[in-house]
Amino acid sequence: MDDIEGKVLSNRAIAPGYCLLRIRLSRSMGAARPGQFVMMKIPGEDIFLRRPFSIYDYQKGVLTIMYKVVGKGTERLSKTPKGASILTLGPLGRWFTVNRSASPVVVAGGIGFAGVYSLIKTLRGNSSIFFGCSAINEISLLKDAMRFHPLVATLDGSYGFKGNVVQLFKKHLKGLKDKNVEIFTCGPDNMVKSLKQLIEPYKIPCQVLLEERMACGMGLCFGCVKKTTDVQEPYKRVCKEGPVFDLWEIFL
Amino acid sequence: MGNISIKLLGKRLRNPVLNASGTLGYGIEIEPLWGIETLGAYVTKGLSIKPHHGNPTPRVWEERHGMINSIGLQNVGVDRFFNVYFPFFKKKKAPIIVNFFGFTEDEYIACAEKIKPDRLIAALEMNLSCPNIKAGGISFGKEPRMVFDIVKKVKAVTKIPLFAKLTPEVRNIVDIARAACDAGADGLTLINTMPAAGFDAKKKNIPLKGGLSGPVLKPIALRAVHECSKAVRVPIIGVGGIMDAMDAVSFFMAGAKAIQIGTATFVDPYAIPKIIKGVADYLDANGYKKIDDIIGTAHER
Chain A
268 MDDIEGKVLS NRAIAPGYCL LRIRLSRSMG AARPGQFVMM KIPGEDIFLR RPFSIYDYQK
328 GVLTIMYKVV GKGTERLSKT PKGASILTLG PLGRWFTVNR SASPVVVAGG IGFAGVYSLI
388 KTLRGNSSIF FGCSAINEIS LLKDAMRFHP LVATLDGSYG FKGNVVQLFK KHLKGLKDKN
448 VEIFTCGPDN MVKSLKQLIE PYKIPCQVLL EERMACGMGL CFGCVKKTTD VQEPYKRVCK
508 EGPVFDLWEI FL
Chain B
155 MGNISIKLLG KRLRNPVLNA SGTLGYGIEI EPLWGIETLG AYVTKGLSIK PHHGNPTPRV
215 WEERHGMINS IGLQNVGVDR FFNVYFPFFK KKKAPIIVNF FGFTEDEYIA CAEKIKPDRL
275 IAALEMNLSC PNIKAGGISF GKEPRMVFDI VKKVKAVTKI PLFAKLTPEV RNIVDIARAA
335 CDAGADGLTL INTMPAAGFD AKKKNIPLKG GLSGPVLKPI ALRAVHECSK AVRVPIIGVG
395 GIMDAMDAVS FFMAGAKAIQ IGTATFVDPY AIPKIIKGVA DYLDANGYKK IDDIIGTAHE
455 R
C-alpha cells in the first residue's frame with residue numbers, strides 16, 4: 268500500500284451518469300484484493316479531501332475505477348482528461364473472504380456492481396450473480412460480467428426481470444436457502460436493508476461492502492464509522508475494519 | 155541538514171513537528187507509510203477515563219478550504235490505551251503527548267491521575283473544548299475562571315508537564331491563555347477547531363455541526379499564537395491549517411515552539427514527513443543553524 272501517482276489512460280461515460288476511469292500507475296501498489304478501495308486525490312484545487320473508490324480492476328499496472336457521478340467530487344473527476352496526473356492511495360481496507368465450502372452468490376445494485384466485480388472475476392463464473400438497476404440504459408455497467416451470465420432486474424422492466432434485485436433474488440431463494448451458500452453484496456442502503464430482511468429468517472452468511480463519507484481512508488480520523496453489534500466499541504471504521512463487514516454484525 | 159531538534163519542557167524531541175490529536179488514529183495506522191518515530195512526539199487521540207462511543211455519521215464534511223468533523227471523541231479509554239497501544243511506542247522508544255478530556259472536573263482529574271509519569275510521556279495535553287455538563291454544557295475553555303479552576307485541579311494531581319489546548323471560540327484568547335498559565339499550565343496548544351456547521355444542498359439540511367479545520371483556520375490560529383506568545387512565557391504549540399513547511403515556518407516565527415499537523419495528513423498522508431524535511435531545508439537555505447533562531451522573530455517590528 269502506498270500513495271502512487273498515475274496517469275489517466277481513459278475516462279469515459281459508459282451509461283448515463285456512470286463512468287469508467289483507467290489509470291496507469293507509475294509503480295505497483297501491491298496485491299489488490301476483492302472489495303478493497305483507493306483514496307483518490309481528484310485533480311484541481313476545488314476538491315479538498317480525497318474520495319474513496321472501489322478497485323474495479325487492477326492488472327499490469329493499470330487501475331480501473333467504475334464510478335457514478337453523485338456530487339462535486341465525482342463531477343470534477345468525470346471532467347478529468349486523458350493524460351492528467353492522479354494520486355491514488357491504496358489498496359485499502361478489509362476484503363471479501365471466500366469460504367471454499369459455500370457456493371457464492373453475488374447481489375449488487377447500481378454502482379454497487381463496481382464493488383463486487385473484482386470478486387466475481389476472482390470466482391471465475393463460479394458464482395450466481397444478481398444485478399439490479401433502473402433501466403436498460405444502465406446494462407452496459409455489466410459488460411465485463413456478461414460472460415458469467417448474471418440475472419438482471421430493471422425497475423422499469425426494460426431488461427430482464429421487472430422489479431428490484433431483491434425481488435428477483437427472492438424468486439431464487441427457495442432453491443438457495445437450504446444449500447450451503449454465502450452472499451456477497453454491495454448496493455444502495457435500501458437494497459441492503461431489504462436483502463437483510465429477506466434472508467433474516469435463514470441466517471444465510473453474508474458479507475456486505477459498505478460506503479461512508481471518508482476523510483483519511485486509512486483509519487486515522489474515525490470519520491467513516493458504521494454501528495456494529497460490538498458492545499464495547501460499537502462504531503467501526505468503514506475504511507479500516509471495513510469496507511467489507513459481516514451483514515449480521517451491522518446496524519443498517 | 156540543519157538541527158531541528160527542540161527541548162520542550164526539559165525533554166529533547168528530534169523535531170518540533172507533532173500530529174494534532176485525533177488525526178493520526180492510535181499511531182499504528184500510519185505504519186505502512188512511515189514510522190511514528192518520525193514525529194517529534196505522537197499526540198494521542200483524546201482519551202477519557204471511560205471509553206466513548208462517539209457520534210453517529212455523518213462525522214466528516216468537506217468545505218472549500220477545510221473540513222468539519224464531529225467524531226464525538228470516540229476513544230477506547232485511558233486504561234485500554236495504555237494496555238493495548240502504549241507498548242507499541244515503548245518498543246519503538248517513541249515519545250508521546252497524552253491528550254485527554256472530560257465532561258466534568260472529576261473526569262479530567264481522574265484521567266490525569268491515571269497517567270503515570272514515564273520516560274516516554276513528554277507531556278499531557280488537556281482538551282478544554284469539552285462541554286462542562288455540570289455548568290449547563292458551556293465549554294470548559296470559554297471562561298478564564300473555569301479554565302483557571304480546572305487547570306489548577308489537574309496540575310495538583312500530576313507531575314507530568316501539562317499543556318492546555320484552547321478553543322478559539324472565546325472573547326479574548328489572551329485572557330484564557332493567562333488564566334491557564336496562572337493556574338500552572340506548563341504550556342499551551344493553540345488552537346482547537348472552530349465550531350461550525352455544514353450544509354447539504356441536496357437534502358437542504360444541516361447534516362452536522364462540528365469543528366472546522368484545515369487551511370481556513372490557519373490565519374485564526376496564527377493570530378492566537380502570535381498574541382499569546384507575546385503575553386505568556388510558557389512554550390506554545392501552534393496548530394491549525396498547517397499544510398506545508400512554509401505554513402509551519404510562519405507559526406515558528408509567530409512564536410510557536412512546536413507545531414501540530416492535522417487535516418493536512420488526510421489530504422496527503424506524507425504531509426508530516428514532508429513538512430519535517432521542508433522546515434530543515436528552510437533553515438539550511440536561509441542560513442539558520444537551529445529552529446530556535448526563527449522562533450518568535452515576527453514579534454520584532
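Just so you know, the sequences run in chain order A and B. Under the numbering used here, think of the first position of the first sequence as 268, with each following residue one higher. Under the numbering used here, think of the first position of the second sequence as 155, with each following residue one higher. Ideal Cβ positions, reconstructed from N, Cα and C, are used throughout, including at glycine. Remember, it's a predicted structure, so these values are computed and weren't measured experimentally.
{"Asked": "How many whole angstroms separate the CB atoms of valine 305 of chain A and leucine 288 of chain A, which I take to be in contact at a CB cut-off of 8 Å?", "Found": "In fact, because the Cβ distance is near 11 Å, the residues do not count as touching under 8 Å."}
{"Asked": "In the DSSP output, what is phenylalanine 210 of chain B paired with across the bridge?", "Found": "It should be noted that the sequence gives proline, not phenylalanine, for residue 210 of chain B. None, per the DSSP bridge assignment."}
{"Asked": "Return no unless some Cβ of chain A is closer than 9 Å to the Cβ of leucine 201 of chain B.", "Found": "no"}
{"Asked": "Less than 9 Å between CB atoms is the rule here; does glycine 486 of chain A satisfy it with respect to chain B?", "Found": "yes"}
{"Asked": "Grab the span of the alpha helix (DSSP H) containing alanine 381 of chain A for me, first residue to last.", "Found": "380 to 389"}
{"Asked": "Residues of the region 465 to 483 of chain A in Cβ contact with chain B at a cutoff of 8 Å, in chain order, please.", "Found": "Glu479, Arg480, Met481, Ala482 and Cys483"}
{"Asked": "Could you say if the region 465 to 474 of chain A and the region 403 to 412 of chain B meet the contact criterion of at least three C-beta pairs nearer than 8 Å?", "Found": "no"}
{"Asked": "In chain order, which alpha helix (DSSP H) runs of at least 4 residues are fully inside the region 319 to 405 of chain B?", "Found": "327 to 336 and 372 to 385"}
{"Asked": "Smallest Cα separation from asparagine 457 of chain A: which of A:Gln434, A:Lys441 and A:Gln326?", "Found": "A:Gln434"}
{"Asked": "Taking the straight line between their C-alpha atoms, what separation do you get for lysine 428 of chain B and isoleucine 403 of chain A?", "Found": "49 Å"}
{"Asked": "Contact check, isoleucine 353 of chain A vs isoleucine 290 of chain A under 8 Å by CB: the rounded distance?", "Found": "6 Å"}
{"Asked": "Near threonine 192 of chain B, what residues of its chain come up, given a Cβ to Cβ distance below 8 Å and the 5 sequence neighbours on each side ignored?", "Found": "Ile426, Pro427 and Ile430"}
{"Asked": "Report the neighbours of glutamate 216 of chain B on chain A: residues whose CB is nearer than 9 Å to its CB, in chain order.", "Found": "Ile314, Phe315, Leu316, Lys339, Gly340, Arg480 and Ala482"}
{"Asked": "Could you tell me whether the Cβ of threonine 211 of chain B comes closer than 9 Å to any Cβ of chain A?", "Found": "yes"}
{"Asked": "Out of curiosity, what's the CA-to-CA distance linking alanine 412 of chain B and asparagine 440 of chain B?", "Found": "19 Å"}
{"Asked": "What are the residues of the region 269 to 282 of chain A that lie near chain B, defined by any Cβ-Cβ distance shorter than 8 Å?", "Found": "Asp269 and Asp270"}
{"Asked": "Return the Cβ separation of glutamate 216 of chain B and valine 370 of chain B in integer angstroms, given the expectation that the two are a contact with Cβ distance under 8 Å.", "Found": "The Cβ separation is near 11 Å, so there is no contact."}
{"Asked": "Short check: CB of threonine 495 of chain A to CB of valine 374 of chain A, under 9 Å?", "Found": "no"}
{"Asked": "By Cβ distance below 6 Å, which residues in the same chain neighbour phenylalanine 235 of chain B in space, the five residues on each side in sequence not counted?", "Found": "Leu201"}
{"Asked": "To the nearest angstrom, how far is the alpha carbon of leucine 274 of chain B from that of alanine 318 of chain B?", "Found": "19 Å"}
{"Asked": "Tell me, to the nearest whole angstrom, how far the beta carbon of isoleucine 391 of chain B is from that of leucine 172 of chain B; I am working on the premise that it is less than 8 Å.", "Found": "7 Å"}
{"Asked": "Relative to the C-alpha of serine 383 of chain B, which candidate in B:Asp329, B:Met348 and B:Gly295 has its C-alpha closest?", "Found": "B:Asp329"}
{"Asked": "On the three-state DSSP scale, how would you describe aspartate 270 of chain A?", "Found": "strand"}
{"Asked": "Since valine 419 of chain A is in the beta strand (DSSP E), which residue starts that stretch and which ends it?", "Found": "418 to 421"}
{"Asked": "Determine contact between the region 381 to 398 of chain A and the region 347 to 361 of chain A, defined as no fewer than three beta-carbon pairs at a distance below 8 Å.", "Found": "no"}
{"Asked": "Taking the straight line between their C-alpha atoms, what separation do you get for tyrosine 498 of chain A and proline 210 of chain B?", "Found": "Note on identity: in this sequence residue 498 of chain A is valine, with tyrosine being the wrong assignment. So the alpha carbons of these two residues sit roughly 15 Å apart."}
{"Asked": "Buried or exposed for alanine 381 of chain A, going by 16 or more other Cβ atoms inside 10 Å?", "Found": "buried"}
{"Asked": "What's the call for arginine 325 of chain B, buried or exposed, on a 16-neighbour Cβ count within 10 Å?", "Found": "exposed"}
{"Asked": "Return yes when the Cβ of threonine 347 of chain B is within less than 9 Å of the Cβ of leucine 366 of chain B, no when it is not.", "Found": "yes"}
{"Asked": "Please specify which runs of the beta strand (DSSP E), each continuous and at least 3 residues long, are wholly inside the region 402 to 443 of chain A, giving them in chain order.", "Found": "418 to 421"}
{"Asked": "Nearest to glycine 194 of chain B by CA position, among B:Leu376, B:Ala277, B:Leu344 and B:Ile314, is which residue?", "Found": "B:Ala277"}
{"Asked": "Can the beta-carbon of alanine 402 of chain B be found less than 9 Å from the beta-carbon of aspartate 435 of chain B?", "Found": "no"}
{"Asked": "Which partner residues of tryptophan 215 of chain B appear in the DSSP bridge assignment?", "Found": "B:Ile222"}
{"Asked": "Quick check: is the beta carbon of isoleucine 190 of chain B nearer than 9 Å to any beta carbon in chain A?", "Found": "no"}
{"Asked": "Give the single residue among B:Lys288, B:Glu323, B:Val214 and B:Gly179 whose Cα lies nearest to the Cα of asparagine 253 of chain B.", "Found": "B:Gly179"}
{"Asked": "Can you pull the chain B neighbours of lysine 507 of chain A, defined as C-beta to C-beta under 9 Å?", "Found": "Gly179 and Glu183"}
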